[in-house]
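Chains as they are written, first to last, in our numbering: chain A, 1 to 154; chain B, 155 to 346. Report on the structure given below.
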């Protein structure tokens, strides 16, 4: 008679052959959404929250300007400062900076340049108004106050 | 004669992919280009000073002082939950209440802050003012507020442009029935 080998154990292995595919998919997602930061931000960035957010679709038309208290207080003091690219600037330098940024945008789209103001919650209106005055002089009049989405209520 | 097929070991492929994945996970900052968008007025020198007379009742005045206290139409306000409705009512008054705006075209929301006002407070109130306008537009265009903001960010699409024009009430001559007339005044200099 035939021999019985006892119960045949069902296979209990999860197929792993598709694992690289899954990982690659995740990899591609992050590669596409990632944006390597070329500047280190040296000012505080506690971005305020709002509900009526609008999105900027064309990333190439956006330039960033950061305002906030310096992170290294002992070196730069407590007064809020303006940072662009990798350095602190004074309001009077903004005109030059805007023109330099504008030169990097294709000519037919220069009027659509948007300056994204990333301002710390605790900064005062005074310094922001100074920046706005300079932006008006530089004719970079489309601005965006970067905010986060507020969680509660619709 | 059969040639030996060369084989690349691919068992480590997953490891390599994981390594790359980890790198991107760590370095990634999902771009945050969202916020409140406004258009600044032209530089002061470019506009010849004209004496524009605006009737008192066509102005909705919002002021914030250096200690972030709010004054709406001359009255102190501590709870801002009703402000949005007030602004909406003001915009769409159409002369019904003689103390409020004559028409949305003439209505101006004047927003004045101090140099000592915090950015957080400024954004909070700006959010409410813009929300009031977006609500009015969205209502007229028959879409939700969120959809309206999506549409107005992407006007390249003619369909969106049509909805956008409908919401703002664009007339054939190019003028707009309900322009967002938000005047952000130069801040006063009490606290700085």
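Even for Gly, the Cβ is constructed at its ideal location relative to N, Cα and C.
- Item | residue 105/A versus 140/A, 72/A, 133/A and 94/A, residue with shortest Cα-Cα distance | If you number the first chain from 1, residue 105/A lands on position 105. Minimum Cα distance to residue 105/A is reached at 140/A.
- Could you give the residue range of the beta strand (DSSP E) that holds residue 63/A? Working through the first chain from its first residue, we reach residue 63/A at position 63. 62 to 68 is the span of the beta strand (DSSP E), which, as asked, contains residue 63/A.
- Nearest to residue 209/B by alpha carbon, out of 279/B, 342/B, 253/B and 197/B? Here residue 209/B refers to the residue found at position 55 of the second chain. Of 279/B, 342/B, 253/B and 197/B, the residue nearest in Cα terms is 253/B.
- Cβ pair residue 286/B, residue 338/B closer than 8 Å: What you label residue 286/B is simply residue 132 of the second chain in a count that begins at 1. What you label residue 338/B is simply residue 184 of the second chain in a count that begins at 1. Cβ distance not < 8 Å, so residue 286/B and residue 338/B don't count as in contact.
- To the nearest angstrom, how far is it from the Cα of residue 349/B to the Cα of residue 250/B? The question about residue 349/B has no answer, for chain B in this structure spans 155 to 346.
- Determine the chain B residues that contact residue 51/A at a beta-carbon separation under 7 Å, and present them in chain order. By one-based count along the first chain, residue 51/A stands at place 51. Ordered by position in chain B, the residues that pass the 7 Å Cβ test against residue 51/A are 281 and 285.
- Message: Along the chain, where does the alpha helix (DSSP H) containing residue 207/B start, and where does it finish?
- Response: By one-based count along the second chain, residue 207/B stands at place 53. Here residue 207/B belongs to no alpha helix (DSSP H), and DSSP marks it neither H nor E.
- Task: Please state whether DSSP places residue 25/A in a helix, a strand or coil.
- Result: Looking up residue 25/A in the first chain gives position 25. DSSP places residue 25/A in helix when its eight states are reduced to three.
- Helix, strand or coil at residue 49/A [DSSP, three-state]: Here residue 49/A corresponds to residue number 49 of the first chain, with the count starting at 1. Three-state DSSP puts residue 49/A in a strand.
- Task: Return the residue from the list 189/B, 227/B, 182/B and 187/B that minimises the CA-CA distance to residue 33/A.
- Result: Locating residue 33/A in the first chain gives position 33, counting from the first residue. Ranking the options by Cα distance to residue 33/A, first place goes to 182/B.
- Query: Alpha carbon to alpha carbon, what distance is there between residue 278/B and residue 221/B?
  - Reply: Stepping through the second chain from its first residue, residue 221/B is reached at position 67. Stepping through the second chain from its first residue, residue 278/B is reached at position 124. When rounded, the distance between both Cα atoms is 15 Å.
- Query: Going by C-alpha distance, which of 115/A, 68/A and 44/A is nearest residue 59/A?
  - Reply: Within the first chain, residue 59/A is the residue found at index 59, counting from 1. Per the Cα distances, 115/A.
- Task: Locate the alpha helix (DSSP H) running through residue 239/B, then write down its first and last residues.
- Result: For the purposes of this step, residue 239/B is taken as the residue at position 85 of the second chain. Run containing residue 239/B: 237 to 245, per the alpha helix (DSSP H) assignment.
- Quick one: is residue 321/B near chain A, going by C-beta distance under 8 Å? Translated into positions along the second chain, residue 321/B becomes position 167. Judged by the 8 Å Cβ criterion, residue 321/B is not in contact with chain A.
- In three-state terms, what does DSSP make of residue 189/B? Taking the first residue of the second chain as position 1, residue 189/B is located at position 35. In this structure, residue 189/B counts as strand in the three-state DSSP scheme.
- Task: Report buried or exposed for residue 316/B, applying the criterion of at least 16 other Cβ atoms within 10 angstroms of its Cβ.
- Result: What you label residue 316/B is simply residue 162 of the second chain in a count that begins at 1. Label assigned to residue 316/B: exposed.
- Message: At the 8 Å Cβ level, is residue 33/A part of the contact set with chain B, yes or no?
- Response: Within the first chain, the letter at position 33 stands for residue 33/A. Interface residue, yes.
- Provide the residue span of the beta strand (DSSP E) that contains residue 142/A, from first to last. The count along the first chain starts at 1 and reaches residue 142/A at position 142. It spans 142 to 146 - the beta strand (DSSP E) in which residue 142/A sits, taken as one unbroken run.
- Item | Close Cβ partners of residue 295/B (< 7 Å) along its chain, the five nearest in sequence each way excluded | Counted from its first residue, the second chain places residue 295/B at position 141. Excluding sequence neighbours, residue 295/B sits near 302, 317, 320 and 321.
- Message: Counting C-beta neighbours from all protein chains within 10 Å, is the total for residue 124/A 16 or more, i.e. buried, or is it exposed?
- Response: Working through the first chain from its first residue, we reach residue 124/A at position 124. By the 10 Å Cβ count, residue 124/A comes out buried.
- Query: Which residue's Cα is closest to the Cα of residue 239/B: 223/B, 228/B, 214/B and 219/B?
  - Reply: Position 85 of the second chain, counted from the start, is the residue given in the question as residue 239/B. The shortest Cα separation from residue 239/B among 223/B, 228/B, 214/B and 219/B belongs to 214/B.
- Message: For residue 329/B, would you say it is in contact with chain A, using Cβ-to-Cβ distances shorter than 8 Å as the test?
- Response: Position 175 of the second chain, counting from 1, holds the residue named residue 329/B. False, the Cβ-Cβ gap to chain A never drops below 8 Å.
- Item | DSSP-derived helix/strand/coil call for residue 154/A | On the first chain, residue 154/A is found 154 positions in, with the first residue counted as 1. Bear in mind that a pLDDT of 44 at residue 154/A, under 50, signals an unreliable position, so the number given afterwards is only what the model happens to contain. Of the three classes helix, strand and coil, the one that applies to residue 154/A here is coil, per DSSP.
- Query: Among residues of its own chain, excluding the 5 on either side of residue 267/B, which ones have a beta-carbon nearer than 7 Å to its beta-carbon?
  - Reply: Against the second chain, residue 267/B aligns to sequence position 113. Once the five neighbours on either side are set aside, the close Cβ partners of residue 267/B are 218, 276 and 341.
- Query: Which first and last residues belong to the beta strand (DSSP E) in which residue 226/B is found?
  - Reply: Taking the second chain and counting its residues from 1, the one referred to as residue 226/B is at position 72. Element bounds for residue 226/B: 224 to 226.
- Taking only beta-carbon atoms, is residue 171/B less than 8 Å away from chain A? By one-based count along the second chain, residue 171/B stands at place 17. True, the Cβ-Cβ gap to chain A drops below 8 Å.
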